[in-house]
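If you're matching positions, the sequence shown starts at 1057 in our numbering and goes up one per residue.
Since the structure comes first, as structure tokens, the remarks are kept for the end.
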Amino acid sequence: LGEGPFIARTLRVPANLDEAAARERILQAELGWPLILKPDRGERGRGVERVDDEAELVEALGRRPGRVDLLAQEYVEGLEYGVLWERRPGESEGRIVSLTIKELPEVEGDGRRTVEELILDDARAPILYEAYRASMAEGLYRVPAVGERVRLVELGTHCRGAVFLDGRHLATEALRRRMDEISSRLPGFHLGRYDLRATSEEALRQGRGFRILELNGLTSEPTHIYDPRTRLREAHQALARHWEAAFAIARANVARGATPWSHRRLLGEVARYFGEG
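See the structure below:
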């Protein structure tokens, strides 16, 4: 995607840099604190963490997988959404086929209990206690003031406790045009999900006031189906439509001269991905 007003500033840190060189490169980029570190190849928030200062950066670099490039990204405040966009070859306009509101889990302080106790007493949070313990470290034992809201994770990831809600009613024409404009920067791109944060719901509707955190490709999902109100049949229909679109795009690209991967190459890439994990 390159750079632009809608893109979160991101720095690639090659895997072949040692810890000292990686730290220096990140500091020179002046992304500010906090910042987000994540592997360039990953899924479901694996390996993604928030870093609040240089000391935490050093610790995080010591944990990084050795064979995968790292991405250092400026921290973006705001409400988080997932926008699945599609444009079939030959079409002049794209469409938003899924839009997900990502509610990040929080607990509310009462001036008596620690964050850990608030998590364990919550109706939903104990299910992911181990994930929260890993992300919060010593913060678990702090006693929040009465009414203080404590965010348990910084990632809009379902497996880390974020609640996904159907936000397709936010998919306005203004937002569609903006996603078309941004996607036009990527020749040959036809289907994928943008994860982004916006200053407000209204700003998103107007196609402004947001920053893209990442773009997920073919294996993206229409994540609005994880809304607790979605019926199983509706979820199956959405997934079937998603993969029908993916195969239709592939057929159109092959008809235009694209060369599909062999099974051998595909399996080799899968093996390499898991070997680097």
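By construction, the Cβ of each residue, glycine as well, lies at the ideal position given by its N, Cα and C atoms.
Legend entry - Beta-carbon spacing of Ala-1294, Pro-1284 below 7 Å: No; because the gap between Cβ atoms is not below 7 Å, this pair is not in contact.
Inset, instruction - Report yes or no: do the region 1175-1187 and the region 1212-1219 share at least 3 C-beta pairs separated by less than 8 Å? - result: Below 8 Å, enough C-beta pairs join the region 1175-1187 and the region 1212-1219 to call them touching: three or more.
Legend entry - Residues bridged to Leu-1083 (per DSSP): DSSP lists no partner for Leu-1083.
Inset, instruction - Please report how far the alpha carbon of Leu-1323 lies from the alpha carbon of Ile-1305, in whole angstroms. - result: If you draw a straight line from the Cα of Leu-1323 to the Cα of Ile-1305, it comes to about 21 Å.
Inset, instruction - With a floor of 3 residues, list each beta strand (DSSP E) that falls wholly inside the region 1154-1207, ordered by position along the chain. - result: For the region 1154-1207, the full-length beta strand (DSSP E) segments reaching 3 residues or more read 1162-1164, 1205-1207 along the chain.
Inset, instruction - Under the assumption that Arg-1151 contacts Glu-1142 (Cβ atoms under 8 Å), give the Cβ distance between them as a whole number of angstroms. - result: The pair is a contact, with the Cβ atoms about 6 Å apart (cut-off 8 Å).
Legend entry - Beta bridge counterpart(s) of Asp-1219 as assigned by DSSP: Here the sequence assigns Val to residue 1219, which means Asp is not the residue at that position. Paired residues: Glu-1159.
Inset, instruction - Return the bridge partner residues of Ile-1063 from the DSSP annotation. - result: Ile-1063 is bridged to Ile-1268.
Legend entry - Through-space distance from Gly-1060 to Glu-1270, alpha-carbon basis: Taking the straight line joining both Cα atoms gives about 13 Å.
Inset, instruction - Tell whether a beta-carbon distance below 7 Å holds between Ala-1071 and Arg-1119. - result: Their beta carbons are not under 7 Å apart, which means Ala-1071 does not touch Arg-1119 by this criterion.
Inset, instruction - Taking Gly-1265 as the reference, give the member of Ala-1327, Glu-1136, Arg-1207 with the closest Cα. - result: The shortest C-alpha separation from Gly-1265 is found at Glu-1136.
Inset, instruction - Could you give the DSSP three-state label for Val-1114: helix, strand or coil? - result: The answer is helix: DSSP assigns Val-1114 an H, G or I state.
Inset, instruction - Output the distance between the C-alpha atoms of Arg-1297 and Thr-1275, rounded to the nearest integer angstrom. - result: Roughly 13 Å separates the two Cα atoms.
Legend entry - Counted within 10 angstroms of its Cβ, other Cβ atoms place Ala-1077 as buried (16 or more) or exposed: Per the 10 Å Cβ criterion, exposed.
Inset, instruction - Count the other C-beta atoms from every protein chain shown that fall within 10 angstroms of the C-beta of Ser-1240, then say buried if there are 16 or more, exposed otherwise. - result: With fewer than 16 Cβ atoms within 10 Å of its Cβ, Ser-1240 is classed as exposed.
Inset, instruction - State buried or exposed for Ala-1251, treating a residue as buried only when at least 16 other CB atoms are found within 10 Å of its CB. - result: The residue you asked about is not Ala; residue 1251 is Asp in the sequence shown. Buried, because 16 or more other Cβ atoms sit within 10 Å of the Cβ of Asp-1251.
Legend entry - Which listed residue (Leu-1127, Arg-1079, Leu-1260) has its alpha carbon closest to that of Glu-1112: Nearest C-alpha to Glu-1112: Arg-1079.
Inset, instruction - Pick helix, strand or coil for Gly-1146, following the three-state DSSP scheme. - result: Coil, per DSSP.
Inset, instruction - Measure the Cβ-Cβ separation of Pro-1182 and Leu-1176 and say whether it is below 7 Å. - result: A Cβ-Cβ contact shorter than 7 Å links Pro-1182 with Leu-1176.
Legend entry - Collapsed DSSP secondary structure at Leu-1127 in the structure displayed: Leu-1127: strand per DSSP, three-state reduction.
Legend entry - Outcome for Ser-1154 when other beta-carbon atoms lying within 10 angstroms are tallied against a minimum of 16: By the beta-carbon neighbour count (other beta carbons within 10 angstroms, threshold 16), Ser-1154 is buried.
Inset, instruction - Give the single residue among Ala-1085, Pro-1090, Glu-1086 whose Cα lies nearest to the Cα of Glu-1133. - result: With distances taken between Cα atoms, Glu-1133 lies closest to Pro-1090.
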